[in-house]
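Student: Just passing along the structure, written as structure tokens.
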Amino acid sequence: MSNLDVAVNVISDKETQLTVKVPVGTIQSKVESRIRSLAKTAKIDGFRKGKVPVSHIRAQYGAGIQQEVINDVIRDTVFEVLADKKVRAVGVPSIDDVKLENDFLVYQASVETMPEVEVKGLSEIEVERQVATVSDEDVDTMIENLQKQRQTFETKDGELADGDEATFDFEGSIDGEKFEGGSAENYRLIIGSGQMIPGFEDGMKGMKAGEEKTIKVTFPEDYQAENLKGKEADFKITVKEAKEAKLPELNDEFFELFGVSEGGLDKLKADVRKNMEREIKSAARNQVKQATFDALVEKNEFDVPNAMLAGEIDRQRNLMLQRFAQQFGANPNTFDKNMLPDELFEDQALRAVRLGVLVGQIIDKQKLEVDQERVTAFISEAAENYEDPAEVIEYYTNDKQERAGIEAVVLEDQVVEYILSQGKVTDKEVKYQDLLAAAQQAQM
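Here full-length UniProt numbering is used: position 373 in the sequence shown is 373, and no number is missing along the way.
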């Protein structure tokens, strides 16, 4: 609509107000068109269909039709003027002060805007990049873990030790009084697993099946139950059964569980090493990306539009509700969102919004485009984790939404590389497990 009169008033870095004037003639022509169209189809007592006088429709429905037209015109024109005036709107505009004045429909549109941010401090960014290699010891430990995943337990007559499984009854009390959740029957526990509060499992070591013992432990100060924090408790324990772990032998039957039909232990070790190396490559990428983005946000603090912050808070809350639902096998809609207040997510949401703006600015200013060769390599590498890599490659290649997700990850990697090229990066040798732990912590 080219005959609009628009005045732009920049209220602040994140808010703009527009005053829009639309010629009344535009409104009137649309109203008349709808009235005549309605007259052709309206069913009104006393008139044949299609024979209702236009004057009758105008008198009975004119005011309502005019309001509908005004609403439609505002809806259509507000986004047109935002685009025409290159206003980087965030969220839905708020419409106020609508009136007919001097042959014009006049309204005001207030909208939050994307902040104009100049990325600062790139040359001051210092990132420690963790680097790890997979040692023979790491491979042996991983294979032992694979054995433990398939271990069995056999009854033992001896004393309980780390790694043994105990079935027992326990009854807890504080100052002679039992407390809620302090008792159980036929409870199963792997000694040394850290499942119980500190001191509990150590107190069970050396016990035998049929033995009864009372141990003293102290609940941690950060224990989840408020009434138990820091309290000393007595636990009466009766061991009913003690079992020791038996690892499966490293034989052909075990190797075949992991797809190794030929080559024996050497082939299994080679496969395990390859998977571990792929794992640390991904972990290293995630660790350095997180460290780089943390440094970027730290160097660039700025206000963000409320609509963006609210949207990110909702997104993070919904993700947490989905995790709850998966954990408890429930529908996410059964959880009350009020149990997760905005304050719980504000800090992380603010960081995420700022990071999104900063990354977008770097992409625009540096004219970064997705490296499609890297996308292909990323897909191929991910496909190696599956039985049929070709099928996985075809899926990600043909599914536009899934491919777009990978392209976003690759483009983020390119942004990280640009930031590091402007700053300082120092490599630090760490152990395999430490790198995995750092990457996992970064994603939390």
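Quick reminder that beta carbons are idealized off the backbone N, C-alpha and C, glycines included.
Predicted, not measured: the structure shown is a model, and the values here were computed from it.
Kindly indicate which three-state DSSP category K205 falls into: helix, strand or coil?
Tutor: DSSP places K205 in coil when its eight states are reduced to three.
Student: Based on DSSP bridge pairs, tell me the residues matched to K21.
Tutor: In DSSP, K21 forms a bridge with D5 and V106.
Student: Assuming D76 contacts V24 (C-beta within less than 8 angstroms), just tell me the rounded distance between them.
Tutor: Contact doesn't hold; Cβ gap of about 16 angstroms is too wide.
Student: Which of the three DSSP states, helix, strand or coil, is assigned to G210?
Tutor: The answer is coil: DSSP assigns G210 none of H, G, I, E or B.
Student: Pick out whichever of N300, N275, K400 and L146 has its Cα sitting closest to the Cα of V248.
Tutor: Reading the sequence as shown, one finds Pro at residue 248 and not Val. Comparing Cα positions, the closest option is L146.
Student: Roughly how many angstroms separate the alpha carbons of Q108 and E80, rounded to a whole number?
Tutor: When rounded, the distance between both Cα atoms is 14 angstroms.
Student: For residue 448, count the other beta carbons within 10 Å of its own beta carbon; 16 or more makes it buried, fewer makes it exposed. Which is it?
Tutor: Limits of the chain in this structure are 1 at one end and 444 at the other, which puts residue 448 out of reach.
Student: Rounded to the nearest angstrom, how far is the Cβ of A284 from that of Q130, given a contact under 8 angstroms?
Tutor: Contact flag correct, Cβ pair sits at about 6 angstroms.
Student: Is the Cβ-Cβ distance between P341 and E112 less than 8 angstroms?
Tutor: The answer is no: Cβ separation not under 8 angstroms.
Student: Residues bridged to R129 by DSSP?
Tutor: Paired residues: D427.
Student: Would you say L160 and G206 are within 8 angstroms of each other, going by their C-beta atoms?
Tutor: Taking 8 angstroms as the Cβ cut-off, L160 and G206 qualify as a contacting pair.
Student: For F255, which of D427, R374, M204 and E144 has the nearest alpha-carbon?
Tutor: Minimum Cα distance to F255 is reached at E144.
Student: So who's on the other strand from L100, going by DSSP bridges?
Tutor: Per DSSP, L105.
Student: Mapping the DSSP letters down to three states, classify S93 as helix, strand or coil.
Tutor: Reading the sequence as shown, one finds Pro at residue 93 and not Ser. Three-state result, P93: strand.
Student: Relative to the alpha-carbon of G199, which residue among P53, E185, Y187 and I215 has its alpha-carbon at the smallest distance?
Tutor: Taking only the C-alpha atoms, the option nearest G199 is I215.
Student: Using the Cα positions of K428 and D434, report the straight-line distance between them to the nearest angstrom.
Tutor: Cα-Cα distance, rounded: 11 angstroms.
Student: Would you check if the distance between the CB atom of L309 and the CB atom of L358 is smaller than 8 angstroms?
Tutor: Cβ distance not < 8 angstroms, so L309 and L358 don't count as in contact.
Student: Excluding sequence positions up to five away, which residues of its chain have a Cβ less than 6 angstroms from the Cβ of D13?
Tutor: Closer than 6 angstroms at Cβ, skipping near neighbours: P115.
Student: As a quick exercise: from I393, I419 and E177, pick the residue whose alpha carbon is nearest that of K289.
Tutor: With distances taken between Cα atoms, K289 lies closest to I419.
Student: So the candidates are K424, A42 and K431; which of them puts its Cα closest to the Cα of residue 488?
Tutor: Coverage of the chain is limited to positions 1 through 444, which leaves residue 488 absent and any answer about it impossible.
Student: For a quick check, are the C-beta atoms of T167 and E241 less than 8 angstroms apart?
Tutor: In contact: T167 and E241 (Cβ atoms closer than 8 angstroms).
Student: Can the beta-carbon of residue 493 be found closer than 8 angstroms to that of Q348?
Tutor: Residue coverage of the chain in this structure runs from 1 to 444, which leaves residue 493 outside it and unanswerable.
Student: State the CB to CB distance for the pair S173 and G182, rounded to an integer number of angstroms; the pair is presumed to be in contact (CB under 8 angstroms).
Tutor: About 7 angstroms separates the two Cβ atoms, so the contact holds.
Student: Out of R36, G91 and E101, which one is the CA nearest neighbour of T19?
Tutor: It is E101.
Student: Excluding five sequence neighbours on each side, which residues of the same chain lie with their C-beta closer than 7 angstroms to the C-beta of K431?
Tutor: Excluding residues within five positions, the ones whose Cβ falls inside 7 angstroms are A132.
Student: Kindly indicate the opening and closing residues of the beta strand (DSSP E) around V239.
Tutor: V239 -> beta strand (DSSP E) spans E232 to K246.
Student: Beta-carbon within less than 8 angstroms of K229's beta-carbon, same chain only, minus the 5 sequence neighbours each way: which residues are those?
Tutor: F219, P220, E221, D222 and Y223, listed in sequence order.
Student: T334: buried (16+ other C-beta within 10 angstroms of its C-beta) or exposed?
Tutor: Exposed, since its Cβ has fewer than 16 Cβ neighbours within 10 Å.
Student: Could you check what DSSP says for E112 in three-state terms: helix, strand or coil?
Tutor: Three-state result, E112: strand.
Student: Let me check understanding here. Comparing Cα to Cα, which of V6, V31 and T16 lies closest to V106?
Tutor: Closest option to V106, Cα to Cα, is V6.
Student: What are the partner residues of L189, as DSSP defines its beta bridges?
Tutor: Note: L189 sits in a beta bridge opposite A166.
Student: Would you say T426 touches the ligand NAD, meaning its beta carbon is less than 7 angstroms from a heavy atom?
Tutor: Only the bare structure without any ligand can be found here, which leaves the ligand NAD out of the picture.
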